[in-house]
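Novice:
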Amino acid sequence: MIARVAGQAVGHAGILRRFVRVDGVDQLVGEVGLLAIHPDWAQSDLARQLAVRVSGALIELRVPFGYFTCNADTAAAYNGVGWTALPPETTIRTPTVHSPFQALMIGSVSMVLAATADISRWPAGKVIDRHGFET
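For the sequence shown, the working numbering begins at 133 and goes up steadily by one.
1. Assign residue 171 to one of three DSSP states: helix, strand, or coil.
2. Would the segment 220–228 and the segment 184–194 be scored as touching if the rule is three or more Cβ pairs under 8 Å?
3. Looking at C-alpha atoms only, which residue of 248, 256, 217 is the closest neighbour of residue 240?
4. On the premise that residue 261 lies in contact with residue 152, defined as a C-beta separation below 8 Å, what is that separation, rounded to the nearest angstrom?
5. Are the beta-carbon atoms belonging to residue 145 and residue 190 less than 7 Å from one another?
6. Within 10 angstroms of its Cβ, does residue 141 collect 16 or more other Cβ (buried), or is it exposed?
7. Once you ignore the five residues that flank residue 160 on each side, which residues in its own chain have a CB closer than 8 Å to its CB?
8. Within this structure, are the beta carbons of residue 214 and residue 245 separated by less than 7 Å?
9. Under the three-state reduction of DSSP, which class applies to residue 249: helix, strand or coil?
10. Measure the alpha-carbon distance for residue 155 versus residue 139 and round it to whole angstroms.
11. Among the residues of its own chain, which have a CB less than 6 Å from the CB of residue 170, if the five just before and after it don't count?
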């Protein structure tokens, strides 16, 4: 998805339909990545509009949940458009380009959006394994 103003790209987001594993439970998600808004537009309604478009796309993909990670500074903005922050002790396992083995990511906030399922159906767990590279 690309957000444009006067024909200029000022924001974008991508969605990958995939499974993540939450403490041993496979969970289908639409993993959101490449999510960015040009700094000049970050405080505008454009960021909210892009988040709403992402939510709609997750529903169209018929995934139960949207999932992405962000830094703590931006997590509150996503809470305001329906995303739920997972507990701070949640860790993410993802491979790195330097090693085929999985490494733990620390310092990211995991965010979940109930797209076609109730948030209560998100598996309980503190470790999320991406089963592949970050989107």
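Backbone N, C-alpha and C fix where the C-beta goes; we use that ideal spot for every residue, glycine too. The model shown is predicted, which means the values in this text are computed figures rather than measured ones.
Specialist: A quick look at the data gives this:
1. Taken through DSSP and simplified to helix, strand or coil, residue 171 comes out as helix.
2. With the cut-off at 8 Å, the segment 220–228 and the segment 184–194 do not touch.
3. By alpha-carbon distance to residue 240, the top candidate from 248, 256, 217 is 217.
4. By a beta-carbon distance limit of 8 Å, residue 152 contacts residue 261. Their separation comes to about 6 Å.
5. No; because the gap between Cβ atoms is not below 7 Å, this pair is not in contact.
6. Counting the other CB atoms within 10 Å of its CB gives residue 141 a total below 16, which places it among the exposed residues.
7. Cβ neighbours of residue 160 beyond the five flanking positions: 149, 150, 151, 195, 196, 197.
8. In this structure, residue 245 lies closer than 7 Å to residue 214 by Cβ.
9. If DSSP states are grouped into helix, strand and coil, residue 249 belongs with coil.
10. Taking the straight line from one Cα to the other gives about 44 Å.
11. For residue 170, where only same-chain residues beyond five positions count, the Cβ hits under 6 Å are 142.
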